[in-house]
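Asks: Have a look at this one.
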Amino acid sequence: MKAAAIIAALGIALIVTMGPDPASAQTTVVRECGDHYVVTRYNSDGTVKGVWNKQLSAAGTIYTAGKTWKLVEGNPDRFVSDGGAQLQVVACDATPGSSTRGVQQQGAQGAQATTLVGNTGQTAGLADVDVRFDHAQAFTTGSNSSGYTLTSVELNLRNTGTLATFIVTLHADSSGTPSTTSLGTLTTTTALTSNYGLVQFDAAGTGISLDASTTYWVVVDVSAISADTDIQTTTSDDQDSGAATGWSIANDRIARAPGATDWSTIGTDQSAVHIRIKGSAKTQTPQTPPPVFTSGDDGRRVAPGPWISPRVNRADLSGTTVTVSMDKAVRLDEANYTLAQLADKFTVWVNEVNQTGRQTIESASVSGYRVTLKLGSSAPPGARVWVNYSRGPLLDATTSEKRVVGGFSLSPGPWATPRPNRVYGTATGVVVSMDKPVQLDSDYSDSQIKAAFTVRVNGTAHEPTGVTVSGRDISLTIDDPPADGDKLDVDYTKGPLLDSTGMRILGFAYFGAGR
């Protein structure tokens, strides 16, 4: 009989289950783009879940949702986590699904199917267990807390004459027998031969989800019986070596007449079906990723709303008056701040960029695109002015819910441009990770250095009790370190930070998620 006729007689759908779409198999991609990395996280359907840490230094550490990855020593194109999972760095223009994407495969769709349990290597039993009855074989899953995905089942079958018509289905356990509702039909395109051979029956799509430590049944459901179609059994109660931890196959099978509802247990001797279960363990459910950061108008990174980031177009100094011109209209948050408090949020330097150049601000006012600051003393003609603002009292003039991001500065130059990539919590405080190495100006005292930083944990301000700098990382010790999930932000008022060449760094504000 030709293969097509055999398949038709079997009543088995001609379904060829290909592997999952490459784009949908990915969860995280790291792309190398010039002097930085871009981390993109994908949903299971291949759509973008989020992009964060857009400019990552090549210092050797990157961060994704709840996980820290470090470059493999001697292998600069691969990151590895503490648990041994890996992410491979790909080209900046690499697209999901390309052959060079090189990403860690996670979850059921990304994991490679392996044999979870089988007994097909065990001693063969009776050769004449024919398909005149429905047969069911139970198996029990392991303890992986996230469960498993079944992708296929292999049965040891042969046909020596008239072919039985049957389907293979998967069922949950119901008081020691298969439940009446199928969890899915497994299909094949393989024709049976006169000699026993393993026939693979594939689950549809990406597979059938299985719970941990749970019993399931593979059922051979017959609609046209035949004594010429046989299922191989085994005389052994053992499983083949290499089974996944905790998996097992029941020592006996059950059977029933076609169309009947009651199952009967076949004796334990030579009873279990030769079977092999294939699939994969699911990974742990990913933690909720930190907020996806977007760029403000001036390039600073801000958490998703309600924030705006007006750019300072210019600052003009005339006598005792500094006029800060914004590119968007702003107004005072009168419900929570006074004009005196607004004045306290500004810092002005004239000519000198250290503490000696800092000016006393007597008053502040807001009108449309301008913030006017009144200084305590007059500046000489032609003097240069620098301005810094700490987030708080200024709002978007058109939307009361949007607060102006702090940290802007204005300068004729020269100024260094290192910017923070990430803010994250530690057991002692907060670390600001910059995109370039930084250092502290030795002309500043310890108290002046600490006063230049303000750390907020869930909106509560803390002045650091200690500040240390190592390479790109600024470590800020605070009296009440953050917990997982706390919202963090850091304001830096221009002064003690220098780049590696000694150029002074502009002020900044940066928002992040907790530890």
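Per my numbering, the very first residue in the sequence shown carries number 348; after that it's consecutive. By construction, the Cβ of each residue, glycine as well, lies at the ideal position given by its N, Cα and C atoms.
1. Within its chain, find whatever has a CB closer than 6 Å to the CB of Gly-813; leave out the 5 residues flanking it on each side and keep chain order.
2. If you measure between the beta carbons of Thr-840 and Ala-798, is that distance less than 9 Å?
3. Would you decide whether Thr-707 is buried or exposed? Buried here means 16 or more other CB atoms lie within 10 Å of its CB.
4. From which residue to which residue does the beta strand (DSSP E) around Ser-541 run?
5. Ordered along the chain, which non-local residues of its own chain (more than five positions away) have a Cβ less than 6 Å from that of Val-779?
6. Restricting to Cα atoms, I'd like to know which of Ile-796, Lys-692, Tyr-716, Thr-668 is closest to Asp-674.
7. Out of Lys-749, Thr-745, Pro-728, which has the shortest C-alpha to C-alpha gap to Arg-738?
8. Please classify Asp-481: is it buried, with 16 or more other beta-carbons within 10 angstroms of its beta-carbon, or exposed?
9. For Gly-646, count neighbouring Cβ atoms within 10 angstroms of its own Cβ and tell me buried if that reaches 16, exposed if not.
10. To the nearest angstrom, report how far apart Ala-690 and Thr-773 are at their CA atoms.
11. Please return the same chain residues whose Cβ sits closer than 6 Å to the Cβ of Asp-558, not counting the five positions on each side in sequence.
12. When burial is assigned at 16 or more other CB atoms within 10 Å of the CB, is Thr-488 buried or exposed?
13. For Val-802, write down the residues that DSSP places opposite it in a beta bridge.
14. Please report the residue range of the beta strand (DSSP E) in which Asp-691 lies.
15. Residues bridged to Met-781 by DSSP?
16. Can you list, in chain order, the residues of its chain with a C-beta nearer than 7 Å to that of Asp-609? Leave out the 5 residues immediately preceding and following it.
17. Measure the C-alpha to C-alpha separation of Val-437 and Lys-417 and round it to an integer number of angstroms.
18. Is there contact here, the segment 583 to 592 with the segment 508 to 519, by at least three beta-carbon pairs under 8 Å?
19. Work out the CA separation of Pro-829 and Glu-501 for me, nearest whole Å.
20. Check whether the Cβ atoms of Ala-483 and Ile-555 sit closer than 9 Å, and answer yes or no.
21. Whose C-beta lies closer than 6 Å to the C-beta of Ile-465 among residues of the same chain, with five residues either side of it excluded?
22. Give the straight-line distance between the Cα atoms of Ser-712 and Pro-843, rounded to the nearest whole angstrom.
23. Using the rule of at least 16 other Cβ atoms within 10 Å of the residue's Cβ for burial, across every protein chain shown, is Thr-801 buried or exposed?
24. Near Ser-724, which residues of its chain fall below 8 Å by C-beta distance, leaving aside the five closest residues on each side in sequence?
25. Just list the beta strand (DSSP E) runs in the segment 468 to 515, keeping only unbroken ones of 3 residues or longer that don't cross its boundaries, in chain order.
26. My understanding is that Arg-819 touches Met-781, with C-beta atoms under 8 Å, so please give their C-beta distance in whole angstroms.
27. Does DSSP put Ile-578 in a helix, in a strand, or in coil?
28. Regarding Pro-829 and the ligand GTP, is the C-beta to nearest heavy atom distance less than 8 Å?
29. Please report the distance separating the alpha-carbon of Leu-686 from that of Ser-847.
30. By the 10 Å Cβ neighbour count, where 16 or more other Cβ atoms means buried, how is Asp-549 classified, buried or exposed?
31. What's the call for Arg-803, buried or exposed, on a 16-neighbour Cβ count within 10 Å?
32. Kindly indicate the opening and closing residues of the beta strand (DSSP E) around Trp-733.
33. Can you tell me whether Ala-662 is buried or exposed? The criterion is at least 16 other CB atoms within 10 Å of its CB, across all chains shown.
34. Does Asn-735 pass the burial test, meaning 16 or more other C-beta atoms within 10 Å, or should it be called exposed?
35. If distances are taken between C-alpha atoms only, which option among Ala-730, Ala-574, Ala-744 comes closest to Val-718?
36. Residues in the same chain with beta-carbon distance under 6 Å from Asn-491, minus the five sequence neighbours each way, listed in chain order, please.
Replies: So, from the listed chains and residues:
1. For the purposes of this step, residue 813 is identified with residue 466 of the sequence shown, where counting begins at 1. Same-chain partners within the cutoff: Thr-824.
2. Stepping through the sequence shown from its first residue, residue 840 is reached at position 493. Stepping through the sequence shown from its first residue, residue 798 is reached at position 451. A contact, by the Cβ cut-off of 9 Å.
3. Here residue 707 is taken as the residue at index 360 of the sequence shown, counted from 1. By the 10 Å Cβ count, Thr-707 comes out exposed.
4. On the sequence shown, position 194 is the one that residue 541 refers to. Ser-541 -> no beta strand (DSSP E), and no H or E assigned at all.
5. Translated into the one-based positions of the sequence shown, residue 779 becomes position 432. Once the five neighbours on either side are set aside, the close Cβ partners of Val-779 are Pro-767, Val-770, Ile-821, Val-837.
6. As a working note, residue 674 is residue 327 in the sequence shown. Minimum Cα distance to Asp-674 is reached at Tyr-716.
7. Residue mapping note: residue 738 aligns to position 391 of the sequence shown, counting from 1. If we check each option's Cα against that of Arg-738, Lys-749 comes out closest.
8. Residue mapping note: residue 481 aligns to position 134 of the sequence shown, counting from 1. By the neighbour-count rule (16 or more Cβ atoms within 10 Å), Asp-481 is buried.
9. Residue 646 sits at position 299 when you count from the first residue of the sequence shown. Model confidence at Gly-646 stands at a pLDDT of 39, short of 50, so the residue's coordinates are unreliable and nothing is read from them.
10. Within the sequence shown, residue 690 is the residue found at index 343, counting from 1. Within the sequence shown, residue 773 is the residue found at index 426, counting from 1. Distance between the alpha carbons of Ala-690 and Thr-773 is about 33 Å.
11. The count along the sequence shown starts at 1 and reaches residue 558 at position 211. Taken in chain order, the residues that qualify are Gly-494.
12. Taking the first residue of the sequence shown as position 1, residue 488 is located at position 141. When all chains shown are included, Thr-488 counts as buried.
13. Indexing the sequence shown from 1 puts residue 802 at position 455. Answer is His-809, Val-837.
14. Residue mapping note: residue 691 aligns to position 344 of the sequence shown, counting from 1. No beta strand (DSSP E) contains Asp-691, which is instead part of the alpha helix (DSSP H) from 686 to 691.
15. As a working note, residue 781 is residue 434 in the sequence shown. According to DSSP, which records beta bridges pairwise, Met-781 is partnered with Pro-767.
16. Counted from its first residue, the sequence shown places residue 609 at position 262. These residues qualify, in order along the chain: Arg-603.
17. Counting from 1 along the sequence shown, the entry for residue 437 is found at position 90. Counting from 1 along the sequence shown, the entry for residue 417 is found at position 70. Val-437 and Lys-417: Cα-Cα distance of roughly 15 Å.
18. no
19. Mapped onto the sequence shown, residue 501 falls at position 154. Mapped onto the sequence shown, residue 829 falls at position 482. Between Glu-501 and Pro-829, the C-alpha separation is close to 52 Å.
20. As a working note, residue 483 is residue 136 in the sequence shown. As a working note, residue 555 is residue 208 in the sequence shown. Result no, Cβ atoms of Ala-483 and Ile-555 do not sit closer than 9 Å.
21. Stepping through the sequence shown from its first residue, residue 465 is reached at position 118. It is Gly, not Ile, that sits at residue 465 in the sequence shown. Cβ neighbours of Gly-465 beyond the five flanking positions: Asp-587, Arg-623.
22. Stepping through the sequence shown from its first residue, residue 712 is reached at position 365. Stepping through the sequence shown from its first residue, residue 843 is reached at position 496. Spanning the two alpha carbons is a distance of roughly 28 Å.
23. The count along the sequence shown starts at 1 and reaches residue 801 at position 454. With 16 or more Cβ atoms within 10 Å of its Cβ, Thr-801 is classed as buried.
24. Residue 724 sits at position 377 when you count from the first residue of the sequence shown. Answer for Ser-724: Thr-667, Gln-706, Thr-707, listed in chain order.
25. 481 to 487, 495 to 506
26. As a working note, residue 819 is residue 472 in the sequence shown. As a working note, residue 781 is residue 434 in the sequence shown. Indeed, because the Cβ distance is near 5 Å, the residues count as touching under 8 Å.
27. The count along the sequence shown starts at 1 and reaches residue 578 at position 231. Strand, per DSSP.
28. Among the ligands in the structure shown, none appear at all, so the ligand GTP cannot be discussed.
29. In the sequence shown, the residue the question calls residue 686 occupies position 339. In the sequence shown, the residue the question calls residue 847 occupies position 500. Whole-angstrom Cα-Cα distance: 38 Å.
30. By one-based count along the sequence shown, residue 549 stands at place 202. Buried: at least 16 other Cβ atoms inside 10 Å.
31. Residue numbering aside, residue 803 sits at position 456 when the sequence shown is read from its first letter. Buried.
32. Locating residue 733 in the sequence shown gives position 386, counting from the first residue. Unbroken beta strand (DSSP E) run through Trp-733: 732 to 736.
33. Working through the sequence shown from its first residue, we reach residue 662 at position 315. So Ala-662 ends up on the buried side.
34. Looking up residue 735 in the sequence shown gives position 388. Buried.
35. Taking the first residue of the sequence shown as 1, we reach residue 718 at position 371. Minimum Cα distance to Val-718 is reached at Ala-744.
36. In the sequence shown, the residue the question calls residue 491 occupies position 144. Ala-559, Ala-628.
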